[in-house]
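Engineer: Pasting a structure below so you can have a look.
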Amino acid sequence: MTTIIETKNLTKKYGDVTGVDDISLSVEEGEFVTLLGPSGCGKSTLLRMLGGFEEPTQGRIMLAGCDVTDVPPSKRAVNMVFQDYALFPHLSAGKNVGYGLRVSGMAKREVIAKSREALALVGLEDRFDAAPHMLSGGQRQRVALARAIVRRPRVLLLDEPLSALDANLREQMQIELKHLHTKVGLTFILVTHDQTEALTMSDRVIVMRNGKIVQSGSPQDLYENPRTGYVAGFIGNTNLFRSRVETEAGKSVITCFGQPLAAPEKSASLSGHDALFGFRPEKAALVSNTEQPRQNTLRGTLADVLYHGKSARLVVDLGPERFVVDVPISDVSGVSGLPQVGDPVALNIEPHNIMVLEDEVTG
Amino acid sequence: MTQIAQERATPLPRKAAVQAERLSWMLGITAILGFLYLPIAVLVTFSFNTSRSLTWPMSGLTLDWYKKLASNDQLIDAFFNSVYVATSATSLTLIIGVPAAIALDRIDFPGKGLFRKLILLPIALPGIITGISMLILFRAIGFNLSLEAVIVGHATALLAVVVTQVYARLQRLPPSLAEASADLGASGLQTFFWVTLPNIRTAVIGSGMLAFTLSFDEIPVTFFLTGRDNTLPMYIWSTMRRGLTPEINAIGSLIVLMSAILIFLSVMLLRDKTKPKK
Numbered sequence: 003m004t005t006i007i008e009t010k011n012l013t014k015k016y017g018d019v020t021g022v023d024d025i026s027l028s029v030e031e032g033e034f035v036t037l038l039g040p041s042g043c044g045k046s047t048l049l050r051m052l053g054g055f056e057e058p059t060q061g062r063i064m065l066a067g068c069d070v071t072d073v074p075p076s077k078r079a080v081n082m083v084f085q086d087y088a089l090f091p092h093l094s095a096g097k098n099v100g101y102g103l104r105v106s107g108m109a110k111r112e113v114i115a116k117s118r119e120a121l122a123l124v125g126l127e128d129r130f131d132a133a134p135h136m137l138s139g140g141q142r143q144r145v146a147l148a149r150a151i152v153r154r155p156r157v158l159l160l161d162e163p164l165s166a167l168d169a170n171l172r173e174q175m176q177i178e179l180k181h182l183h184t185k186v187g188l189t190f191i192l193v194t195h196d197q198t199e200a201l202t203m204s205d206r207v208i209v210m211r212n213g214k215i216v217q218s219g220s221p222q223d224l225y226e227n228p229r230t231g232y233v234a235g236f237i238g239n240t241n242l243f244r245s246r247v248e249t250e251a252g253k254s255v256i257t258c259f260g261q262p263l264a265a266p267e268k269s270a271s272l273s274g275h276d277a278l279f280g281f282r283p284e285k286a287a288l289v290s291n292t293e294q295p296r297q298n299t300l301r302g303t304l305a306d307v308l309y310h311g312k313s314a315r316l317v318v319d320l321g322p323e324r325f326v327v328d329v330p331i332s333d334v335s336g337v338s339g340l341p342q343v344g345d346p347v348a349l350n351i352e353p354h355n356i357m358v359l360e361d362e363v364t365g
Numbered sequence: 016m017t018q019i020a021q022e023r024a025t026p027l028p029r030k031a032a033v034q035a036e037r038l039s040w041m042l043g044i045t046a047i048l049g050f051l052y053l054p055i056a057v058l059v060t061f062s063f064n065t066s067r068s069l070t071w072p073m074s075g076l077t078l079d080w081y082k083k084l085a086s087n088d089q090l091i092d093a094f095f096n097s098v099y100v101a102t103s104a105t106s107l108t109l110i111i112g113v114p115a116a117i118a119l120d121r122i123d124f125p126g127k128g129l130f131r132k133l134i135l136l137p138i139a140l141p142g143i144i145t146g147i148s149m150l151i152l153f154r155a156i157g158f159n160l161s162l163e164a165v166i167v168g169h170a171t172a173l174l175a176v177v178v179t180q181v182y183a184r185l186q187r188l189p190p191s192l193a194e195a196s197a198d199l200g201a202s203g204l205q206t207f208f209w210v211t212l213p214n215i216r217t218a219v220i221g222s223g224m225l226a227f228t229l230s231f232d233e234i235p236v237t238f239f240l241t242g243r244d245n246t247l248p249m250y251i252w253s254t255m256r257r258g259l260t261p262e263i264n265a266i267g268s269l270i271v272l273m274s275a276i277l278i279f280l281s282v283m284l285l286r287d288k289t290k291p292k293k
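Protein chains in written order, with this note's numbering: chain A, 3 to 365; chain B, 16 to 293.
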């Protein structure tokens, strides 16, 4: 694997505000990387700097080993899919796709052949002559994709490409984008605020916040080993609590809102210190409350049941905080097998399912 | 019996009220249209009158006045002078105005707000002021009073028309279009001719037509800046001092016809093919 695009200490400041703060990252050839973060975290600015639309205040951008920091967008071997697609309204779908080839001086016949090929790749070969306003949102999205990949860029940049589509279409396009990535073998860098999108499509997710990278890793890695409370809360759901790690009779113990739990092994070194802990909703099990008190159990009151088909999300009131727990719905007893709202419930959490998270200033 | 009569009676006045309302609307609209077009209708009608006097009823129909026009060299010269001035002034304003509007829209520079207001100022100034000040300037730098001086004078006043119209359209154009064009490898000029211009085309043509019309019938600035050459409105005005002639009616009718053709052309050109038809 070779590095295709790389940033070195890339910084963008708008007056006193720092949009992108000293980011160094490198992307391998053929990788599907997603920049994930809430709006204003600097992910779009970073992407626009890669495309050449924003000038970095500091730092360099290397593309295939060459410094392209000062190269204008028209001379960079990267292409962008814009959030609003930016299709030229006065040109047909086919001519939109062929635009980048035409400006490079390619013969007309070849331009048409290549644009047809690119449109076929996104399943729109029969809409060559359609004007953009005659196309549906999903079709416009595909034309924008075809237009960006027809020039075979070294890197394809996608700025929230699915945000304008409705939920069903978005899911379908996620799969198609993933397929397209495999089919054309280009490097994709996608920006999104939607964690599902990031988890489904990417080889690697880079979580950003306040212009900095918080954590970077495979979707599975990020889900299972979030480094900070922020990542844990942003990717999937996490029940968070803070506790001091104490040693009682040779065992590490933590307390979750007053209820004792066996501490995970990873926290052994933190003995005597405060730390942030969390567990995923599906990692807790509902146990019958009538049983004798047992270890690793939290007791609370069922506040709400959200039906999700094969599972149900239980909202459990623990006094100061509400936790969510996903439990499977058995085929035999169905929803009626679940406790009623207002019932006391007990949750079993095994210590190895408790994550130890780094503290982070929230705000 | 009375009850039935009442039930029947109520819907009737209502219908009448609706009809009365409709009638009053029609009358109002007719009045407005009359206010706008009656003078023009009178002008056109009298241009076919055999008698010199403008009295009703007309004495007979004739095309004599139009024949007279065709042999009036002074008037024909004035007409072509006006076409020359209006065409040149319009071209000049477009060549300066469109890039100026793009600069205003896309580039940030110090004093941009002031620049925008200064460009708009000449349209608010009375033509007589523009005329006098340009006269003084041209005298001072030794630029001869001529049709060319008139062209420059018109262009200054009309620049505001073009810049406002084109700038307003550019503001509605997503900036991502130009970015996408650059992203796909187009140079600044290619982007302008292949993406920006086609998308502001209607504003450019529309403001150009308006500029042409305004320049074509302009008197105050022309009055100060023209040398020996006359433009059509100036010629009409000077002839009028010797009394209203049916010949003037004939020219007027021809100008109305020309305007109608221009309007038709602009409607045809401005028809937006990219808009969905409903």
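Positions of the beta carbon are idealized from the N, C-alpha and C atoms, including for glycine.
None of these values were measured; they are calculated from a predicted model.
Which bits of chain A does residue 197 of chain B rub up against, with CB to CB less than 9 Å?
Structural biologist: Position 182 of the second sequence, counting from 1, holds the residue named residue 197 of chain B. Simply 54, 55, 74, 75, 76.
Engineer: Could you check whether the Cβ of residue 108 of chain A sits closer than 8 Å to any Cβ belonging to chain B?
Structural biologist: Position 106 of the first sequence, counted from the start, is the residue given in the question as residue 108 of chain A. It does not: the Cβ of residue 108 of chain A has no partner Cβ on chain B nearer than 8 Å.
Engineer: Hey, out of A/221, A/214, A/178, whose CA is closest to residue 197 of chain A's CA?
Structural biologist: For the purposes of this step, residue 197 of chain A is taken as residue 195 along the first sequence, with counting starting at 1. Of the candidates A/221, A/214, A/178, the one whose C-alpha sits nearest the C-alpha of residue 197 of chain A is A/221.
Engineer: Give a yes or no on whether 8 Å exceeds the smallest Cβ distance from residue 293 of chain B to chain A.
Structural biologist: Your numbering for residue 293 of chain B matches position 278 in the second sequence. Bear in mind that a pLDDT of 36 at residue 293 of chain B, under 50, signals an unreliable position, so the model cannot answer this.
Engineer: Does any CB atom of chain A fall closer than 8 Å to the CB of residue 200 of chain B?
Structural biologist: Position 185 of the second sequence, counting from 1, holds the residue named residue 200 of chain B. Yes, its Cβ sits closer than 8 Å to a Cβ of chain A.
Engineer: What are the start and end residues of the beta strand (DSSP E) that includes residue 210 of chain A?
Structural biologist: Here residue 210 of chain A is taken as the residue at index 208 of the first sequence, counted from 1. Per DSSP, residue 210 of chain A belongs to the beta strand (DSSP E) from 206-211.
Engineer: Do you know whose CA, among B/29, B/200, B/79, B/278, lies nearest residue 63 of chain B's CA?
Structural biologist: Within the second sequence, the letter at position 48 stands for residue 63 of chain B. Ranking B/29, B/200, B/79, B/278 by Cα distance to residue 63 of chain B puts B/79 first.
Engineer: According to the neighbour-count rule (16 or more other Cβ atoms, all chains shown, within 10 Å of its Cβ), is residue 243 of chain B buried or exposed?
Structural biologist: The residue labelled residue 243 of chain B in the question sits at position 228 within the second sequence. Flag for residue 243 of chain B reads exposed.
Engineer: If you drop the 5 nearest sequence neighbours on each side, which residues of the same chain put their C-beta closer than 6 Å to that of residue 248 of chain B?
Structural biologist: Your numbering for residue 248 of chain B matches position 233 in the second sequence. The residues are 232, 234.
Engineer: When the Cα atoms are used, what is the spatial distance from residue 99 of chain A to residue 144 of chain B?
Structural biologist: Along the first sequence, one-based indexing puts residue 99 of chain A at 97. Along the second sequence, one-based indexing puts residue 144 of chain B at 129. The alpha-carbon atoms of residue 99 of chain A and residue 144 of chain B are separated by roughly 53 Å.
Engineer: Consider the C-beta atom of residue 82 of chain B and the heavy atoms of the ligand ADP; say whether any pair is separated by less than 7 Å.
Structural biologist: For the structure depicted, the ligand ADP is absent and the ligand set is empty, with no information on it obtainable.
Engineer: Rounded to the nearest angstrom, what separates residue 263 of chain B and residue 245 of chain B at their Cα positions?
Structural biologist: Translated into the one-based positions of the second sequence, residue 263 of chain B becomes position 248. Translated into the one-based positions of the second sequence, residue 245 of chain B becomes position 230. Approximately 16 Å between the Cα atoms of the pair.
Engineer: Could you tell me the alpha carbon to alpha carbon distance between residue 314 of chain A and residue 199 of chain A, rounded to whole angstroms?
Structural biologist: Along the first sequence, one-based indexing puts residue 314 of chain A at 312. Along the first sequence, one-based indexing puts residue 199 of chain A at 197. Approximately 23 Å, taken between the alpha carbons.
Engineer: Using beta-carbon positions only, say whether residue 289 of chain A and residue 348 of chain A come within less than 8 Å of one another.
Structural biologist: Counting from one through the first sequence, the residue named residue 289 of chain A turns up at place 287. Counting from one through the first sequence, the residue named residue 348 of chain A turns up at place 346. Yes.
Engineer: If distances are taken between C-alpha atoms only, which option among B/199, B/209, B/282 comes closest to residue 74 of chain A?
Structural biologist: For the purposes of this step, residue 74 of chain A is taken as the residue at position 72 of the first sequence. Out of B/199, B/209, B/282, B/199 has the C-alpha closest to the C-alpha of residue 74 of chain A.
Engineer: Secondary structure at residue 84 of chain B, three-state DSSP: helix, strand or coil?
Structural biologist: The residue given as residue 84 of chain B occupies position 69 in the second sequence. Note: residue 84 of chain B maps to helix in three-state DSSP.
Engineer: Can you tell me whether residue 149 of chain B is helix, strand or coil according to DSSP?
Structural biologist: What you label residue 149 of chain B is simply residue 134 of the second sequence in a count that begins at 1. In the structure shown, residue 149 of chain B sits in a helix (DSSP, three-state: H, G or I).
Engineer: Compute the distance between the beta-carbons of residue 268 of chain B and residue 58 of chain B, then report whether it is under 8 Å.
Structural biologist: Residue numbering aside, residue 268 of chain B sits at position 253 when the second sequence is read from its first letter. Residue numbering aside, residue 58 of chain B sits at position 43 when the second sequence is read from its first letter. Yes, Cβ-Cβ distance for residue 268 of chain B and residue 58 of chain B is below 8 Å.
Engineer: Given a cut-off of 8 Å on the beta-carbon distance, is the pair residue 137 of chain B and residue 171 of chain B in contact?
Structural biologist: Here residue 137 of chain B refers to the residue found at position 122 of the second sequence. Here residue 171 of chain B refers to the residue found at position 156 of the second sequence. Yes, they are a contact pair.
Engineer: Can you list, in chain order, the residues of its chain with a C-beta nearer than 8 Å to that of residue 239 of chain A? Leave out the 5 residues immediately preceding and following it.
Structural biologist: Here residue 239 of chain A refers to the residue found at position 237 when the first sequence is read from its first residue. Excluding sequence neighbours, residue 239 of chain A sits near 282, 283, 326.
Engineer: Would you call the region 172-186 of chain B and the region 136-149 of chain A in contact, with 3 or more CB pairs under 8 Å?
Structural biologist: Not touching, per the Cβ criterion.
Engineer: Run down chain B in chain order and give the residues with a C-beta less than 8 Å from the C-beta of residue 82 of chain A.
Structural biologist: For the purposes of this step, residue 82 of chain A is taken as residue 80 along the first sequence, with counting starting at 1. Chain B residues near residue 82 of chain A: 194, 195, 198.
Engineer: Quick one: what's got a C-beta closer than 7 Å to residue 84 of chain B's C-beta in the same chain, skipping five residues either side?
Structural biologist: For the purposes of this step, residue 84 of chain B is taken as residue 69 along the second sequence, with counting starting at 1. Excluding sequence neighbours, residue 84 of chain B sits near 90, 262, 265, 266.
Engineer: In whole angstroms, give me the CA-to-CA distance for residue 352 of chain A and residue 332 of chain A.
Structural biologist: Residue numbering aside, residue 352 of chain A sits at position 350 when the first sequence is read from its first letter. Residue numbering aside, residue 332 of chain A sits at position 330 when the first sequence is read from its first letter. Cα to Cα, residue 352 of chain A sits roughly 22 Å from residue 332 of chain A.
Engineer: Apart from the five residues just before and just after residue 181 of chain B, which ones in its own chain have a Cβ nearer than 7 Å to its Cβ?
Structural biologist: What you label residue 181 of chain B is simply residue 166 of the second sequence in a count that begins at 1. So the list reads 112, 113, 116, 215, 218, 219, 222, once near-sequence residues are dropped.
Engineer: Can you give me the C-alpha to C-alpha distance between residue 289 of chain B and residue 92 of chain A, rounded to a whole angstrom?
Structural biologist: Your numbering for residue 289 of chain B matches position 274 in the second sequence. Your numbering for residue 92 of chain A matches position 90 in the first sequence. Legend: pLDDT at residue 289 of chain B = 48, less than 50; position of this residue unreliable, value from coordinates given subsequently. Going from the Cα of residue 289 of chain B to the Cα of residue 92 of chain A covers about 6 Å.
Engineer: Quick test of the definition: if touching needs 3 or more C-beta pairs under 8 Å, does the region 99-113 of chain A touch the region 159-171 of chain A?
Structural biologist: No, the region 99-113 of chain A is not in contact with the region 159-171 of chain A.
Engineer: Closer than 7 Å by C-beta to residue 99 of chain B: which residues in its own chain qualify, once you throw out the five before and the five after it? Chain order, please.
Structural biologist: Translated into the one-based positions of the second sequence, residue 99 of chain B becomes position 84. Cβ neighbours of residue 99 of chain B beyond the five flanking positions: 162.
Engineer: With H, G and I counted as helix, E and B as strand and the rest as coil, what does DSSP make of residue 82 of chain A?
Structural biologist: Here residue 82 of chain A refers to the residue found at position 80 of the first sequence. It is a strand residue.
Engineer: Who are the Cβ neighbours of residue 61 of chain A in its own chain at under 6 Å, not counting the five residues just before and after it?
Structural biologist: Position 59 of the first sequence, counting from 1, holds the residue named residue 61 of chain A. Closer than 6 Å at Cβ, skipping near neighbours: 10, 11, 12, 13.
Engineer: Taking only three categories from DSSP, how would you classify residue 8 of chain A?
Structural biologist: The residue you call residue 8 of chain A lines up with position 6 of the first sequence. Strand at residue 8 of chain A.
Engineer: Does any residue of chain B bring its CB to less than 8 Å from the CB of residue 23 of chain A?
Structural biologist: Here residue 23 of chain A corresponds to residue number 21 of the first sequence, with the count starting at 1. No, no contact with chain B.
Engineer: Locate the beta strand (DSSP E) running through residue 264 of chain A, then write down its first and last residues.
Structural biologist: Translated into positions along the first sequence, residue 264 of chain A becomes position 262. Residues 261-264.
Engineer: Please name the residue, chosen from A/257, A/253, A/76, that lies closest to residue 299 of chain A on a Cα-to-Cα basis.
Structural biologist: For the purposes of this step, residue 299 of chain A is taken as residue 297 along the first sequence, with counting starting at 1. Nearest C-alpha to residue 299 of chain A: A/257.
Engineer: Quick check on the DSSP output: the beta strand (DSSP E) that includes residue 110 of chain A runs from which residue to which?
Structural biologist: Taking the first sequence and counting its residues from 1, the one referred to as residue 110 of chain A is at position 108. Looking at the DSSP string, residue 110 of chain A is not in any beta strand (DSSP E); the run it does join, the alpha helix (DSSP H), is 110-123.
Engineer: Below 8 Å, can you find three or more Cβ-Cβ pairs linking the region 231-250 of chain A to the region 50-64 of chain A?
Structural biologist: No, the region 231-250 of chain A is not in contact with the region 50-64 of chain A.
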